[in-house]
Every structure is written in structure tokens, then in C-alpha cells.
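Participant: Those protein sequence lines, which keep their order, are chains A and B.
Each residue of the first sequence is one higher than the last, beginning at 96 in this note's numbering.
Each residue of the second sequence is one higher than the last, beginning at 96 in this note's numbering.
Glycine included, each C-beta is placed from N, C-alpha and C at the ideal position.
2 protein chains.
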Amino acid sequence: MKKIDTEIISVGTELLLGHVTNTDARDVSELLSRIGVNVRWHTVVGDNPGRLRESVEIARGRADLIVTTGGLGPTCDDLTKTVLAEAFGLPLVRDEAEYAGLYDFIQLGRIFTPNNYAQADLPAGCTVFHNDWGTAPGCAFEAQGKIVIMMPGPPCECVPMFRKYAIPYLRKLSDETIVSHSLRIFGIGESTVDQIFRDEMNAMTNPSMAPYAKECDCLLQVTAKARSEAEAEAMIRPVMDHAREKLGDAVYGEDVETLEEAVMQLLKAKPLTFAAAESCTGGDIARRFTDLPGASAFFLGGVVSYTNGVKAGVLGIDPALIEEKGAVSFEVAKEMAERVRAITGADLGLGVTGLAGPDGDGVHEVGTVFVSMASAEKTWVRELHLGAFRTRSFIRRMAGNHAFDMLRRYLTGLEV
Amino acid sequence: MKKIDTEIISVGTELLLGHVTNTDARDVSELLSRIGVNVRWHTVVGDNPGRLRESVEIARGRADLIVTTGGLGPTCDDLTKTVLAEAFGLPLVRDEAEYAGLYDFIQLGRIFTPNNYAQADLPAGCTVFHNDWGTAPGCAFEAQGKIVIMMPGPPCECVPMFRKYAIPYLRKLSDETIVSHSLRIFGIGESTVDQIFRDEMNAMTNPSMAPYAKECDCLLQVTAKARSEAEAEAMIRPVMDHAREKLGDAVYGEDVETLEEAVMQLLKAKPLTFAAAESCTGGDIARRFTDLPGASAFFLGGVVSYTNGVKAGVLGIDPALIEEKGAVSFEVAKEMAERVRAITGADLGLGVTGLAGPDGDGVHEVGTVFVSMASAEKTWVRELHLGAFRTRSFIRRMAGNHAFDMLRRYLTGLEV
Chain A
96 MKKIDTEIIS VGTELLLGHV TNTDARDVSE LLSRIGVNVR WHTVVGDNPG
146 RLRESVEIAR GRADLIVTTG GLGPTCDDLT KTVLAEAFGL PLVRDEAEYA
196 GLYDFIQLGR IFTPNNYAQA DLPAGCTVFH NDWGTAPGCA FEAQGKIVIM
246 MPGPPCECVP MFRKYAIPYL RKLSDETIVS HSLRIFGIGE STVDQIFRDE
296 MNAMTNPSMA PYAKECDCLL QVTAKARSEA EAEAMIRPVM DHAREKLGDA
346 VYGEDVETLE EAVMQLLKAK PLTFAAAESC TGGDIARRFT DLPGASAFFL
396 GGVVSYTNGV KAGVLGIDPA LIEEKGAVSF EVAKEMAERV RAITGADLGL
446 GVTGLAGPDG DGVHEVGTVF VSMASAEKTW VRELHLGAFR TRSFIRRMAG
496 NHAFDMLRRY LTGLEV
Chain B
96 MKKIDTEIIS VGTELLLGHV TNTDARDVSE LLSRIGVNVR WHTVVGDNPG
146 RLRESVEIAR GRADLIVTTG GLGPTCDDLT KTVLAEAFGL PLVRDEAEYA
196 GLYDFIQLGR IFTPNNYAQA DLPAGCTVFH NDWGTAPGCA FEAQGKIVIM
246 MPGPPCECVP MFRKYAIPYL RKLSDETIVS HSLRIFGIGE STVDQIFRDE
296 MNAMTNPSMA PYAKECDCLL QVTAKARSEA EAEAMIRPVM DHAREKLGDA
346 VYGEDVETLE EAVMQLLKAK PLTFAAAESC TGGDIARRFT DLPGASAFFL
396 GGVVSYTNGV KAGVLGIDPA LIEEKGAVSF EVAKEMAERV RAITGADLGL
446 GVTGLAGPDG DGVHEVGTVF VSMASAEKTW VRELHLGAFR TRSFIRRMAG
496 NHAFDMLRRY LTGLEV
């Protein structure tokens, strides 16, 4: 694909009031970066035709591809579509297939005003992106040397539609294909990854390689440009293998987003069940894993033992041990993993106890966390000192990552 | 405050790659909207001096206030500060207090390069915002008829700094004060709230009133402009009282963000303990409440009974009942709340069982959820049909909202 400088224009007053986060711009950017399209600007404007028109003029002057999100559909009078069609001199014409589809929706009992049918009016000659997740269709067209793609605003419509329709549309515009894969890394920071590969990265052009920091882990992205997908894949593979070798078992997955997702993949290949006893993570390990559809095949459940009473009464940990060693201790963490495994009948038990702050316990520094895992044969405990300057949410997330990392290492036969 | 059209420019290539969400723009927008400042544009550019310079020129041409986030500090060579100072013709001069502060940091063992000291170089004559949460200071200045405010990028620095320093700085620029309060509403949608108040809202100018949709609830914001805060508060109060009266017990709090926060406030006033037995929410109720510091005074813990085995083995629900009525049923929900209350010794027990999708159970439609609450005297169960077209995350969040809503109603003496 040629160099395509891209601007994403998100339309919605709720974004400017801070009532909604612009996750569309983030997710569309990530999808575009994976096919080698450079996003140079994000712009947000409210539901205001004048300001949208101005923003479109600015974008037209500097970008090759303009992606809009939001401002489609009846509640905003199809603002974006009207302004963009006008800016590129295209009339809006009724798409009969979309019109029929909207008509069918009425039969399902949704209330439609005449205004709703205007969603089926689209720029003449555009490629229609049917919305399988809502009512307002998206579309794409080329005009005046620019590419324009319009997507609905709700993230649960915008993102799957962009993946399903807009990415293949963009791929077709070029005889070059860009393919990108990432290695997801836990236990080594982005700056260390950068140091390991710096010389190589500077010497590489195609494929290219770059590390990126995420909240509690990082990733290494490898991207290749070629005439076919197969050729690009063939160029990427040896680089990925080489990087995997250098990074060793800090790599927890390829093209995954989270440690729990990597664990889910491993469990699908090697079915085992697990349960979790959580203190400072307060249910976040259970929540994260059960966010994934299909979790019930592997996750039996857990106990949120936020107080010593629950640690004793529900998990069955000896109160004298808690009294002697303290709730935040190696010994109690060990018991938590073993007891939750025993009472749920799971193959593996996880345990987490620690101080997420802001208040301490007078004994340990905030950020002290013990994470444990019990199998039939053995129990492992990691002692973490995540730093008293860290936020509560960072400490909770990082503690959960360590728990999933222990599972991951166990399932892949690594030393836990 | 006069009408201040505002543009937020966020600087960071990681935003354009989709690796990071622009929560700074959202949070700064929300803080500004509360003091009546209109945010008209968000712009994101990468770590690129040329494109930042262009964006600053555009912003200067249309906005009265430019807020930048990110691009301060050593990793990006203080890009934003350099470009903004140049654009407004101000030299950078060393701030001795900030320099001394950075020097002290070295004593704490952090590694500094000479480049780090450049963080203490700030536009001549600016107001320095000391960074109590990191190293790079922020600042504000007025030049060429514009106001410029620069903030560091990490959200845990940007947001508290903006609240502590930038908001008072902006308030001081005006002899008018804007005060805003919100009523948070659960159980009535934004469009209904809009209908209830539409005529009044159209007739109002100062104070003004507007409803906004959030993910699983909505809010009504009341804003007044006056010469003093006391005067603005006095103007707002009768409008808030009137709105509260019209909305009745759908109002769950004033100036709170979530139902769990409202529950926390109620529990602080009337201490009771609770526990939760969660099936389809998978620990999210526990996670949400324990996200709040101080949760341990009221939340004893819970059981994530993701499988029937845990419902029986850990909660002690009769397997025959689960067999007869099904895991997703009124009866099992009732037992879950009662049993978790019994085994933890809490004053109140919550229970949630349902289908979050995407897979169904062959009996109920996805989105069917039973939410329950047990006290010593009585157990209540709500049967919800949240809609099969909803996402898994929506169903889980909404189910949790209902559980917190039942707690909230109980604690305020309303019918549950």
C-alpha cells in the first residue's frame, strides 16, 4: 500500500463534554496500523454542521484517507453523511437494499420515524457497509483524489464493521499488502525490549519491528510489505522466530491482547479447570477471565475473601495462621490457592493477597502482593513489590497479570 | 466566565497507533464543562514537531483556550513545550524551584540524564503547575489574546494536576463563576428525562439544565453562572430540588459517578456489611465495589459461583433445586443471596445469575438475569430481560447496576 496519511474525525458533542471516551479512534487506529496505514491526526468535533465542515476542509487539505466515526443515524440527523457528501459533491441516493432492511426492522417491533429511513440514503456510487450490529450503514467512496470512509459511532458497531468491511476495502485499493503480527510480552519492560533489538531495528526497513508499552506489559510488532499476504507472512515469520528466541519465555502470546486471553488459548488446547481466591484484586481475576466468552469450561469460580472472616469461614484457612503471619503473607497466599482448589474441586487454584492502597497495614508497604498457584503436586508463591507510588488500579491489574502468568507458565511446562 | 472556545491538543504517537486511549481529553473536557468552558475540538498529533506546529496554528485561529496534554518530559524531548513557547514567541527560562525539585529526585535514586533537567525550563512569565504525581511540571500563560495550558500526558498526573491547578487558574481569570452539579439517574433513560424537562429546559438560560446518557444510566446536569460561588450555588439549589422531586427515587446520587459510589456514601452514613454471590457477573460486582478505597469496611467478600458445582459445594445450594429450577432461575438467585449472606455473616447478601451471552442455555434468551438481595427479614429478586442484542459487557454491567440499585434502595428505606 502506498503511504496513506489518515485523519480520523469523530463526531459527537458527548465526546467534547467528556461523557464518553473516544475508543473508536483508538480501535480504528490500531486496525489501520496493522495494515500499515499511518494515522496522523485524530479530530473530535460536536454535532455542529459548521464546525464539522471546517474540520473536513482541514482534513481534505492534509490527509489521503478520511475516516469518520459517529454522526450517522436518526438521533443526529445523519449529520456526518450530509456534510461529507456535500463536501465531495456527491448527492445522497436511496440504497434499496438498506431501505428494505430498515423496513424489516420495523416488523421486529422497533419504533421508527420517517427520519429513520434517511439512514438508507447514501452518497451516490459509494460502497455500502451493511451494519450487522445496528441500523445505520457505513460506507466508503473515492472522490477528488481522497478516500472517505464513514462509520457509525457506537463502538460495538463501528469496530466490528471496520474490521469486516473497511479493512478489506482498503486492502483492495493497493497491489501491496501489509501484514503485521505482534508478540505480547510480560516481565520485561518496553525500554528493555527496545535495548535488546535497537541495532537490528535501525538496520531493518521491510519487515520492520517496533516495541510498544501497554498498561502492565508490552508488545513487539513486526510488519512486512509485499505483493501478497503469503509473501508478507513468509517475510515476517523468521523475524518473529528470532525475536521469540531472544525474548524467551517472556513472550506470552502472538496476536493476543491480554494474559487471560493467552491462558484461554492454552486451556482450549489442554483442558484443565481453575479457581481463584482473591483478596486485594477483589474479584478482578474472575471478572477478567469471565469477560471472555466460553470461560465456564475452565473457570469453576472463586472466593473474594476480602476480610479475614471470609478467609477463615469460606475458604477454611486457620484463623491462628492469619493471626500469626498476617493476612498479607506468603503463608496465607499459599493457603488461599490450596483451599480454593480444594473447596471448588478445580485442577488449579490461584490466590492473591496484598495491599493495593491507598492505605497501608502498618507492616507492609503499599504495593506488596503475594500471588500463589496450587496444583495437586505443588504450590508456588510470588512475592511482589510493585511500588508504593503506584495507583490502586495498577497494583490490582499487575497482581492479576502475575496470577495469569503463573497459570500460563504452568500450562506451557515452564518453571512457574 | 466569558464564552471560552477551547481546543485540547493531545500529543503522542502511541495515541495514533491505538495503543493508548485518550482519556486525558475526556477527563479534561469533563472538568472544563463543569466550570462552563466549552470544549469545541479535540486534536491528536504524534511526536512530530512539524505537525504539532500546524495543529497549534489551526487551534490559535479558532480557539480562545488551548490545552495540551502529553509531549512534556525527557522521553519526548519536551516537544510540546518547545513548540508552544516558540509559537507564542516566549523564550524558555529555567525555573529554579522546579530545578531544585528535580535535583532532589536524583537523591531518591532515580536515574537522570542532563536532558531531564530541561523539564525545569518553562516559558518566560508562565504560571508553573508543580507536578505532585511525577516529574514534568505543567504550566499556563496568556499571550497574543489566547490562554495556553500545558499538562503532562500520563493520566495519573494530568487529571489531578488539571483539577488542582488549572481549574482554579481558569476560575481566577473571570469575575464570573460557573458551578455545575449533576443528578445521577438509574431506571429512567436519557430520552425520558429529556421529555420530562424539555419545556422547562427550553425556557431556562441561567441556570441551565441538560440530560446526558452514560453507558448503563444517565445524568441531569444543572449549571449556573454568577458573580460568586455562593450565588451560583443558591441559583442551582431550587432547580436541583425541583428536578429531584420530579424524578423521584430514580435519582441515586448527586455528583457521583457510579451506583457503587452512591452505595459507599450510604454505607458510610449507615454502616452495614454485605457480600455477593455472582454467576454471570463473574466477580464484577466485587471488583467494582473494591475499586473504591475503603471498601473493606463494608464488603466482606463473595463467591463467584460460575458453575453449579460451586453453587452447591461452596454456597451450599441444594443440587436438586438447581437441577429442578435451572441455574438461571428465580429460586437459585434467591438462594444465592441468602446463602452468601449466611456463609460470610454479612448483614446483606447479593446474588446474580443469568445469561450474558453470546451462548444461550436453550431455555432463556440471552440477557435474562435474576438479581437478588437478602436481609435478615426478607429476600427480593428482580427478573431482568436486558435484550438478546446486547453485548456481554453491557449485560454484566447492567446486572451489577441492578444489584447496587437494590442495595441503594434498601439503605434509603425505599421499596426494593
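Helix, strand or coil: how does DSSP classify M299 of chain A here?
Facilitator: Mapped onto the first sequence, residue 299 of chain A falls at position 204. In the structure shown, the three-state DSSP call for M299 of chain A is coil.
Participant: If you check the beta carbons only, do R189 of chain A and Y347 of chain A fall under 9 angstroms apart?
Facilitator: To locate residue 189 of chain A, count along the first sequence from 1; it is residue 94. To locate residue 347 of chain A, count along the first sequence from 1; it is residue 252. Going by C-beta atoms, R189 of chain A is not nearer than 9 angstroms to Y347 of chain A.
Participant: For M330 of chain A and V132 of chain A, I'd like the C-alpha separation in whole angstroms.
Facilitator: For the purposes of this step, residue 330 of chain A is taken as residue 235 along the first sequence, with counting starting at 1. For the purposes of this step, residue 132 of chain A is taken as residue 37 along the first sequence, with counting starting at 1. One C-alpha to the other measures close to 19 angstroms.
Participant: Quick check: the Cα distance between G204 of chain A and F499 of chain B, rounded to an integer number of angstroms?
Facilitator: Taking the first residue of the first sequence as position 1, residue 204 of chain A is located at position 109. Taking the first residue of the second sequence as position 1, residue 499 of chain B is located at position 404. Legend: pLDDT at G204 of chain A = 49, less than 50; position of this residue unreliable, value from coordinates given subsequently. Approximately 31 angstroms between the Cα atoms of the pair.
Participant: Are the Cβ atoms of A371 of chain A and V458 of chain A separated by less than 9 angstroms?
Facilitator: Translated into the one-based positions of the first sequence, residue 371 of chain A becomes position 276. Translated into the one-based positions of the first sequence, residue 458 of chain A becomes position 363. For the pair A371 of chain A and V458 of chain A, the CB atoms are not nearer than the 9 angstroms cut-off.
Participant: Residues of chain B with a CB under 8 angstroms from the CB of S488 of chain A: which are they?
Facilitator: As a first step, residue 488 of chain A is located in the first sequence; it is residue number 393 there, counting from the start. Here the neighbours are D386.
Participant: With H, G and I counted as helix, E and B as strand and the rest as coil, what does DSSP make of G204 of chain A?
Facilitator: Counting from one through the first sequence, the residue named residue 204 of chain A turns up at place 109. Any reading at G204 of chain A is ruled out, since the residue's pLDDT is 49, under 50, leaving its predicted position unreliable.
Participant: Let's see if you can read the secondary structure: which residues bound the alpha helix (DSSP H) around K530 of chain A?
Facilitator: A query on residue 530 of chain A cannot be resolved here, the shown segment of chain A reaching from 96 to 511 and no further.
Participant: Excluding the 5 residues flanking A327 of chain A on each side, which residues of the same chain have their C-beta closer than 6 angstroms to its C-beta?
Facilitator: Here residue 327 of chain A refers to the residue found at position 232 when the first sequence is read from its first residue. Shown here for A327 of chain A: same chain residues with a beta carbon closer than 6 angstroms to its own, the five before and five after excluded, namely T272, V274, A319, A321 in chain order.
Participant: For Q239 of chain B, count neighbouring Cβ atoms within 10 angstroms of its own Cβ and tell me buried if that reaches 16, exposed if not.
Facilitator: Sequence index remark: in the second sequence, residue 239 of chain B carries index 144 (1-based). By the neighbour-count rule (16 or more Cβ atoms within 10 Å), Q239 of chain B is not buried but exposed.
Participant: Using a Cβ-Cβ cutoff of 9 angstroms, what residues of the segment 214–228 of chain B are near chain C? List them in chain order.
Facilitator: In the displayed structure, chain C is absent; the protein chains listed are A and B.
Participant: Please list the terminal residues of the continuous alpha helix (DSSP H) segment that includes P414 of chain B.
Facilitator: Within the second sequence, the letter at position 319 stands for residue 414 of chain B. First-last of the alpha helix (DSSP H) with P414 of chain B: 414–420.
Participant: Could you give the residue range of the beta strand (DSSP E) that holds A238 of chain B?
Facilitator: Here the question's residue 238 of chain B lines up with position 143 in the second sequence. Residues 233–238.
Participant: Which chain B residues sit within Cβ distance under 8 angstroms of N117 of chain A?
Facilitator: Sequence index remark: in the first sequence, residue 117 of chain A carries index 22 (1-based). What N117 of chain A touches in chain B: T116, N117, A120, R121, H137.
Participant: Could you check what DSSP says for V162 of chain A in three-state terms: helix, strand or coil?
Facilitator: Residue 162 of chain A sits at position 67 when you count from the first residue of the first sequence. In this structure, V162 of chain A counts as strand in the three-state DSSP scheme.
Participant: Since P232 of chain A and E193 of chain A are thought to touch, with beta carbons under 8 angstroms apart, how far apart are those beta carbons, to the nearest angstrom?
Facilitator: Looking up residue 232 of chain A in the first sequence gives position 137. Looking up residue 193 of chain A in the first sequence gives position 98. About 5 angstroms; that satisfies the 8 angstroms criterion.
Participant: Return the first residue and the last residue of the alpha helix (DSSP H) that L179 of chain B is part of.
Facilitator: Here residue 179 of chain B is taken as the residue at index 84 of the second sequence, counted from 1. Where L179 of chain B is concerned, the enclosing alpha helix (DSSP H) stretches over 174–182.
Participant: Helix or strand or just coil, what does DSSP make of V134 of chain B?
Facilitator: By 1-based counting over the second sequence, the position of residue 134 of chain B is 39. Looking at V134 of chain B - three-state DSSP - the assignment turns out to be strand.
Participant: For the beta strand (DSSP E) containing P218 of chain B, list its first residue and its last residue.
Facilitator: The sequence position of residue 218 of chain B within the second sequence is 123, counting from 1. Segment 216–218, the beta strand (DSSP E) holding P218 of chain B.
Participant: Any idea which residues DSSP pairs S277 of chain A with across the strands?
Facilitator: Working through the first sequence from its first residue, we reach residue 277 of chain A at position 182. Per DSSP, A:Q316.
Participant: Is V115 of chain B closer than 9 angstroms to R121 of chain A when the C-beta atoms are compared?
Facilitator: Taking the first residue of the first sequence as 1, we reach residue 121 of chain A at position 26. Taking the first residue of the second sequence as 1, we reach residue 115 of chain B at position 20. Yes, these two residues count as a Cβ contact at 9 angstroms.
Participant: Identify whether G408 of chain A lies in helix, strand or coil by the three-state DSSP scheme.
Facilitator: The residue you call residue 408 of chain A lines up with position 313 of the first sequence. If DSSP states are grouped into helix, strand and coil, G408 of chain A belongs with the helices.
Participant: How is R477 of chain A classed by DSSP in three states: helix, strand or coil?
Facilitator: Counted from its first residue, the first sequence places residue 477 of chain A at position 382. Correct three-state label for R477 of chain A: strand.
Participant: I need the DSSP call for I380 of chain B, collapsed to helix, strand or coil.
Facilitator: The residue given as residue 380 of chain B occupies position 285 in the second sequence. Here I380 of chain B sits in helix by DSSP.
Participant: Between which two residues does the beta strand (DSSP E) containing A371 of chain B stretch?
Facilitator: Sequence index remark: in the second sequence, residue 371 of chain B carries index 276 (1-based). Where A371 of chain B is concerned, the enclosing beta strand (DSSP E) stretches over 369–373.
Participant: Return the residues of the segment 141–158 of chain B that lie within a Cβ-Cβ distance of less than 9 angstroms from chain A, sorted by chain order.
Facilitator: Hits within the stretch, in order: G141, N143, R146, E149, S150, I153, R157.
Participant: Assign Q290 of chain B to one of two classes, buried (16 or more other C-beta atoms within 10 Å of its C-beta) or exposed (fewer than that).
Facilitator: If you number the second sequence from 1, residue 290 of chain B lands on position 195. That one is exposed.
Participant: Restricting to Cα atoms, I'd like to know which of A:P453, A:L445, A:E460 is closest to W475 of chain A.
Facilitator: Residue mapping note: residue 475 of chain A aligns to position 380 of the first sequence, counting from 1. When each option's Cα is compared against that of W475 of chain A, the closest is A:L445.
Participant: If you follow the alpha helix (DSSP H) that L445 of chain B is in, where does it begin and where does it stop?
Facilitator: Translated into the one-based positions of the second sequence, residue 445 of chain B becomes position 350. Here L445 of chain B belongs to no alpha helix (DSSP H); instead the beta strand (DSSP E) covers 443–449.
Participant: What does V427 of chain A reach in chain B if we use C-beta pairs closer than 7 angstroms?
Facilitator: In the first sequence, the residue the question calls residue 427 of chain A occupies position 332. Here the premise fails: no neighbours, minimum Cβ distance about 14 angstroms.
Participant: Do you know how far the Cα of G449 of chain A is from the Cα of S424 of chain A?
Facilitator: On the first sequence, position 329 is the one that residue 424 of chain A refers to. On the first sequence, position 354 is the one that residue 449 of chain A refers to. If I take the Cα positions, the gap works out to 8 angstroms.
Participant: How would you call Y198 of chain A, buried or exposed, if buried means at least 16 neighbouring beta carbons within 10 angstroms?
Facilitator: Looking up residue 198 of chain A in the first sequence gives position 103. Looking at its Cβ environment, which holds fewer than 16 other Cβ atoms inside 10 Å, Y198 of chain A is exposed.
Participant: Run through DSSP, which three-state label would S391 of chain A get?
Facilitator: Translated into the one-based positions of the first sequence, residue 391 of chain A becomes position 296. Note: S391 of chain A maps to helix in three-state DSSP.
Participant: Report the rounded CA-to-CA distance for T101 of chain B versus L265 of chain A, giving the unit in angstroms.
Facilitator: Position 6 of the second sequence holds residue 101 of chain B. Position 170 of the first sequence holds residue 265 of chain A. Distance between the alpha carbons of T101 of chain B and L265 of chain A is about 34 angstroms.
Participant: Name the two residues that bound the continuous beta strand (DSSP E) containing G145 of chain A.
Facilitator: The residue given as residue 145 of chain A occupies position 50 in the first sequence. It is not in any beta strand (DSSP E) - G145 of chain A instead sits in the alpha helix (DSSP H) that spans 144–157.
Participant: Return the CA-CA distance between I262 of chain A and S470 of chain A, expressed in angstroms with no decimal places.
Facilitator: Walking along the first sequence from the start, residue 262 of chain A turns up at place 167. Walking along the first sequence from the start, residue 470 of chain A turns up at place 375. Approximately 44 angstroms, taken between the alpha carbons.
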